[in-house]
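Enquirer: In this note's numbering, the protein residues as written are 73 to 570.
Dumping the structure here so I can ask a few things about it.
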Ligand SMILES: Cc1cc2nc3c(=O)[nH]c(=O)nc-3n(C[C@H](O)[C@H](O)[C@H](O)COP(=O)(O)OP(=O)(O)OC[C@H]3O[C@@H](n4cnc5c(N)ncnc54)[C@H](O)[C@@H]3O)c2cc1C
Ligand code: SF4
């Protein structure tokens, strides 16, 4: 018998590790590492999804005639070694893991490793594109990938006459968006789900227990893909940058968890979206906006991760050193409405949508000077779709500018007024005033926006994209007062009083 070792984020029979294998001569190894489950304070929905989806996949393979060794072991290496000792397989094969710790482990073992085909662009092809470029602009990569994949192309030209339709994706946020947004699909927890919750998870997890929002099987993932394309996609573009208090999902896809587990392949997701566009069911700004997220952003993130790691995870050019604040972890209540709404969504669903991750969490982390590594670790444990390969570049590059501009040309920071513009129901009832930078009711985002520029003049002052904010900063009459307020805000954030 041969063994195919399937990692927990490769749960698909149509990937390179299992495609074409004969169940009669193939045994499948899946290892649930107890050390990994104990290594962080995971959100219970995240840990549950991973283990339950692995167990469901094991059951699916058994039903298809495979012999499956689903093994609980201290570490992945222990699981592999115990499997080899028990079954003495003729040959073990695995698919290259998306994140580096797994890749390194395989390099140390007697395992044949096949290329990961869970992405449309392998990292070596990304490298070939990146070699010799000064700046790796996502938009350049994306346009090339549109041409190479043919998605939304009319001959040599982009469908709709332009590559990027973001100009049409700027609908102002209103409470109505929440009413118009379709409900997420929810499934009843089955026997495996319930048993996983009771018997497979360690103590010390946090967050609301699983409620059937996240797909633990491919069948459930396909149902969520259908719901997205039919109900949420038509207005995806219009609403993707909006934040509305109490509306956690809006028109977002809620598919990243299934994509990152392997339950869905990016190709089938893009195919479904393109088909809906060609059938006239969704406008070009929605289809293009979404396909850009998948063949552009998602694959770009994997490419830069593979290219820039391992040093990339340690980058911290702004010398940020605060710990993750209790307001984020839920260990203290917060009066910042935008943070409270985002943290509630994380507690309830192990999820916050992209703009909340970027404009609320990462913005405050950058402005307040939260250590990017600690911030990455907390997000990794808290988000349903987080894995090292995707979390590190999103936090270090896109979110916090810890990489000094290798990914983005300027930090993604803003004061409260911009959050107010992009949201509904946040700033009006908040005890802080988004327009104020000093005083007891000054918005912490607004104070810290100016303060982070002031504190990091040596690193950021030469960035020509920040010329205007620095010119304004130089004209502020209340800079001393602002500095004092910023010290107080950062202190209160760190101690859980904000
Ligand atoms: C600080 C920060 C941390 C993030 N951490 C993660 C993470 O751990 N895992 C993760 O999958 N995404 C991460 N993202 C990217 C993005 O926020 C999520 O992919 C998205 O919110 C997932 O929800 P959705 O499926 O409803 O997304 P939608 O916005 O409705 O759909 C877009 C789809 O495109 C893909 N996508 C879009 N942007 C990215 C991106 N930057 N990186 C990877 N995939 C992308 C996702 O698969 C997503 O399902 C992070 C973004 C930021 C700013
Ligand atoms: S005023 Fe500031 S803290 Fe309050 S919700 Fe608006 S941006 Fe957030």
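Ideal Cβ placement from N, Cα and C applies to all residues, glycine included.
Look up residue 77 in the DSSP assignment and say whether it is helix, strand or coil.
Expert: strand
Enquirer: Under the DSSP definition of a beta bridge, which residues are partnered with residue 141?
Expert: Paired residue(s): 101.
Enquirer: Check whether the region 440 to 458 and the region 484 to 501 touch, using three or more Cβ-Cβ pairs below 8 Å as the test.
Expert: With a cut-off of 8 Å, the region 484 to 501 and the region 440 to 458 do not count as touching, because too few Cβ pairs lie within range.
Enquirer: Among 453, 438 and 392, which residue has its Cα nearest to the Cα of residue 108?
Expert: 453
Enquirer: Using a Cβ distance threshold of 8 Å, determine whether the region 348 to 355 contacts the region 394 to 408, with at least three qualifying pairs required.
Expert: no
Enquirer: Is residue 242 near ligand 2, judged by its Cβ being under 7 Å from some heavy atom?
Expert: no
Enquirer: Counting by C-beta, which residues lie closer than 5 Å to a heavy atom of ligand 2, in chain order?
Expert: This selection yields 408, 409, 410, 488, 491, 498, 499, 502, 504, 506, 515 and 517.
Enquirer: So, are the CB atoms of residue 407 and residue 503 less than 8 Å apart?
Expert: yes
Enquirer: How far does the beta strand (DSSP E) with residue 439 in it reach, from first residue to last?
Expert: From DSSP, residue 439 is part of no beta strand (DSSP E) but of the alpha helix (DSSP H) over 435 to 440.
Enquirer: On the three-pair Cβ rule with 8 Å, is the region 134 to 147 touching the region 91 to 102?
Expert: Of all C-beta pairs linking the region 134 to 147 to the region 91 to 102, three or more are shorter than 8 Å, placing the two stretches in contact.
Enquirer: Considering only C-alpha positions, which residue in the set 464, 550 and 443 is nearest to residue 562?
Expert: Answer by Cα proximity: 443.
Enquirer: Ignoring anything shorter than 3 residues, give me the beta strand (DSSP E) runs that lie fully in the region 124 to 179, in order along the chain.
Expert: 139 to 145 and 163 to 167
Enquirer: Determine whether the beta carbon atoms of residue 208 and residue 200 lie at a separation below 8 Å.
Expert: no
Enquirer: Would the beta-carbon of residue 333 fall within 8 Å of that of residue 327?
Expert: no
Enquirer: List, from N- to C-terminal side, the alpha helix (DSSP H) runs of 4 residues or more that fit wholly inside the region 484 to 548.
Expert: Every alpha helix (DSSP H) stretch that sits fully inside the region 484 to 548 and reaches 4 residues is listed by chain position as 488 to 494, 516 to 527, 529 to 532 and 539 to 547.
Enquirer: What alpha helix (DSSP H) runs, 4 residues minimum, are completely inside the region 264 to 331?
Expert: 290 to 299 and 308 to 311
Enquirer: Please state whether DSSP places residue 111 in a helix, a strand or coil.
Expert: helix
Enquirer: Which same chain residues, not among the five before or five after residue 293, have their C-beta less than 7 Å away from its C-beta?
Expert: 287, 330, 335 and 336
Enquirer: Are residue 186 and residue 247 close, meaning C-beta to C-beta below 8 Å?
Expert: no
Enquirer: By a C-beta neighbour count over all protein chains shown, 10 Å radius and 16 as the cutoff for buried, is residue 479 buried or exposed?
Expert: Residue 479 counts as buried, since at least 16 other C-beta atoms from the protein chains shown sit within 10 angstroms of its C-beta.
Enquirer: Using the C-alpha atoms, what's the distance from residue 178 back to residue 311?
Expert: C-alpha separation (whole angstroms): 42 Å.
Enquirer: So is the beta-carbon of residue 331 under 7 Å away from any non-hydrogen atom of ligand 1?
Expert: Within the chosen limit of 7 Å, ligand 1 reaches the beta carbon of residue 331 through at least one heavy atom.
Enquirer: Just checking residue 272 against ligand 1 - is the residue's beta carbon closer than 7 Å to any of the ligand's heavy atoms?
Expert: no
Enquirer: Per DSSP, what are the beta-bridge partners of residue 186 in this structure?
Expert: 167
Enquirer: Give a single yes or no on whether residue 466 has its beta carbon closer than 7 Å to a heavy atom of ligand 1.
Expert: yes
Enquirer: Going by other Cβ atoms of all chains shown within 10 Å of its Cβ, with 16 needed for buried, is residue 171 buried or exposed?
Expert: Result: buried.
Enquirer: With respect to 7 Å, is the separation between the Cβ of residue 117 and the closest non-hydrogen atom of ligand 3 below this value?
Expert: This structure does not include ligand 3; its bound ligands are ligand 1 and ligand 2.
Enquirer: Is there at least one non-hydrogen atom of ligand 1 closer than 7 Å to the beta-carbon of residue 470?
Expert: yes
Enquirer: Starting from residue 254, follow the alpha helix (DSSP H) in both directions and report where the run begins and ends.
Expert: Where residue 254 is concerned, there is no enclosing alpha helix (DSSP H), given that its DSSP letter is neither H nor E.
Enquirer: Report yes if the C-beta of residue 462 is less than 7 Å from at least one heavy atom of ligand 1; otherwise report no.
Expert: yes
Enquirer: Quickly, what does DSSP pair residue 552 with across the bridge? List them, please.
Expert: According to DSSP, residue 552 bridges with nothing at all.
Enquirer: Could you check if residue 202 belongs to the surroundings of ligand 1, using beta carbon to heavy atom distance under 7 Å?
Expert: No - ligand 1 has no heavy atom lying nearer than 7 Å to the Cβ of residue 202.
Enquirer: Under 8 Å between the Cβ atoms of residue 509 and residue 436?
Expert: no
Enquirer: If you count every other CB in all the chains shown that lies within 10 Å of the CB of residue 111, and 16 or more means buried, which is it?
Expert: exposed
Enquirer: For a quick check, are the C-beta atoms of residue 278 and residue 115 less than 8 Å apart?
Expert: yes
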